[in-house]
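Undergrad:
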Amino acid sequence: MTLLHDPDLTVAPPRLTGIDHLEWWVGNARTFAGFLCSAFGFAPVAYAGPETGRTDRVSYLLQQGSVRFMVSGALHPDSPIADHVRRHGDGIRDIAFLVDDVDASYEAALQRGGTGLRPPAHDTDDHGTIRHAAIATYGDTVHTLLDRSRYDGPFAPQFETTDLTAPVGPAVGIAALDHVVGNVELGALDRWVHFYEQVFGFGQMVHFDDAQISTEYSALMSTVVWSQGVSVDETAIVMPLNEPAEGRKKSQIEEYLDFYGAPGVQHIALRTDDIVTAVRALRARGVRFMDVPDTYYAEARERMAGVELPWDALEELSILVDRDHGGHLLQIFTETVTDRPTVFFEIIEREGATGFGEGNFKALFEAIERQQARRGNL
Ligand code: FE2
């Protein structure tokens, strides 16, 4: 890993104002974009490809609430996208940060020990200019630094409003990105936490050790780094990082690393204000979720004593519940959405709680392990 080369920490860290979008690099962008629209309720917003003057790749920009996914696919075998897909399968290539000043942010990230992948450059058309640069992070994942404040077209040059219509289905109600989780190599968690602290000036929100997150078979450690906004709101960048820990059998993080072939994004948590409606709609659209052990709800009702919850609906839909000092949260995890057992989604409703469902980890991991066992990887 190349970082921490004589960092100058007297330089102020880059000022990040949020996540602009996540970019997927996939084997077939048209079908993966279609899946995110039909199953998850995203709407196609813009498109770039040969028809718009871009000859090496196609990209679909999808949106729901303030969540934006770009889904890109290669048009030629020597494309870096094709190479990425061959090595990792479908996955998240880019967690793109919005910044006010790309040049200053890029220079600050480099001086604080980051590795530059693409120096600042701009793209211009009749709608204005976007400026961008890119910094390396875990595995082959990158952080684009993006300024679109001087652009008023559909997303960026070469993108045109798409005439693809969103499929019809019940409204899902995804409102915002809540957090983006990365899996890193065994023994590398502290190094990557340090990377985010040093290069981007992030803080540590919380740490879970393997005693807190373990089952009979599998264990992991996790530290949540974040951009230290005033609260966990629309502009806060919240990125939990996981590393596998020794268990009796193969950890789910190890299974991810084996199949992705590198560190990478494990799950994307999407926030909703009404998780019962969202999950009912997602199930109607064909999304498959982790099942929950039969014993979960009797235990959960005791753990949540005093909180009024729609228990029948939660149990019917297999929604998980947890509480912390600030309030409670409801959450559910999909099965992996990629061919390789790597990337999945979380749907989360926060009612005051700022945690990540620590009380559910054990129940969840036992469900994940049942699926791992079915794949012969436990
Ligand atoms: Fe999560």
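Counting from 79, one number per residue, gives the positions in the sequence shown under the working numbering.
Backbone N, C-alpha and C define an ideal beta-carbon position, used for all residues, glycine too.
The ligand FE2 and A347: does the residue's C-beta get closer than 6 angstroms to at least one heavy atom of that ligand?
TA: A347: yes, Cβ under 6 angstroms from the ligand FE2.
Undergrad: Determine the DSSP secondary structure at D225, reduced to helix, strand or coil.
TA: Strand, per DSSP.
Undergrad: Quick check on this structure: which residue in T222, R269, I446 has the alpha carbon closest to the alpha carbon of E333?
TA: Of T222, R269, I446, the residue nearest in Cα terms is I446.
Undergrad: Pairing CB atoms from the stretch 389-396 with CB atoms from the stretch 429-444, are three or more of them under 8 angstroms?
TA: Verdict: no, contact absent.
Undergrad: Between which two residues does the beta strand (DSSP E) harbouring H205 extend?
TA: Segment: none, H205 is in no beta strand (DSSP E) and carries neither H nor E.
Undergrad: Could you check the C-alpha separation between E429 and D390 for me, to the nearest Å?
TA: Cα-Cα distance, rounded: 19 angstroms.
Undergrad: I need the straight-line Cα distance from A117 to I410, nearest angstrom please.
TA: For A117 and I410, the distance between alpha carbons rounds to 15 angstroms.
Undergrad: What residue does the beta strand (DSSP E) around R29 start on, and which one ends it?
TA: With the chain represented from 79 up to 456, any question about residue 29 goes unanswered, as that position is not in the structure.
Undergrad: Which of the three DSSP states, helix, strand or coil, is assigned to G265?
TA: It is coil, neither helix nor strand.
Undergrad: Just verifying my parser: in three-state terms, what is the DSSP assignment at T80?
TA: Residue placement at T80 is poorly supported in this model, since its pLDDT is 48, which falls under 50; the coordinates are not used for a value here.
Undergrad: Within this structure, are the beta carbons of S183 and P92 separated by less than 7 angstroms?
TA: Result yes, Cβ atoms of S183 and P92 sit closer than 7 angstroms.
Undergrad: Pick helix, strand or coil for S150, following the three-state DSSP scheme.
TA: Strand, per DSSP.
Undergrad: Using only the heavy atoms of the ligand FE2, determine whether one of them is closer than 6 angstroms to the beta carbon of F434.
TA: Checking every heavy atom of the ligand FE2 against the Cβ of F434, one is found closer than 6 angstroms.
Undergrad: Could you check if T133 is buried or exposed, using at least 16 other CB atoms within 10 Å of its CB as the buried criterion?
TA: Answer is exposed; the Cβ neighbour count stays below 16.
Undergrad: If you draw a straight line from the alpha carbon of T80 to that of T193, how long is it in whole angstroms?
TA: Summary for T80: the model assigns pLDDT 48, below 50, so the residue's position carries little reliability, and this model does not support an answer.
Undergrad: Say yes only if the C-beta of E427 is nearer than 6 angstroms to one or more non-hydrogen atoms of the ligand FE2, and no if none qualify.
TA: Checking every heavy atom of the ligand FE2 against the Cβ of E427, none is found closer than 6 angstroms.
Undergrad: Evaluate contact between the stretch 99-107 and the stretch 164-174, counting only Cβ atoms and requiring at least three cross-stretch pairs below 8 angstroms.
TA: With the cut-off at 8 angstroms, the stretch 99-107 and the stretch 164-174 touch.
Undergrad: Cβ atoms of I252 and T412: under 7 angstroms apart, would you say?
TA: Cβ atoms of T412 and I252: not closer than 7 angstroms.
Undergrad: Just the Cα atoms here: how many angstroms apart are R190 and W270?
TA: So the two alpha carbons sit approximately 14 angstroms from each other.
Undergrad: With H, G and I counted as helix, E and B as strand and the rest as coil, what does DSSP make of N320?
TA: Note: N320 maps to strand in three-state DSSP.
Undergrad: How far does the beta strand (DSSP E) with H162 in it reach, from first residue to last?
TA: First-last for H162: 158-166, but that is the alpha helix (DSSP H), not the beta strand (DSSP E).
Undergrad: Where does L87 land, buried or exposed, given buried means 16+ other C-beta within 10 angstroms?
TA: So L87 counts as exposed.
Undergrad: State the DSSP-derived secondary structure class of S144, mapped to helix, strand or coil.
TA: If DSSP states are grouped into helix, strand and coil, S144 belongs with coil.
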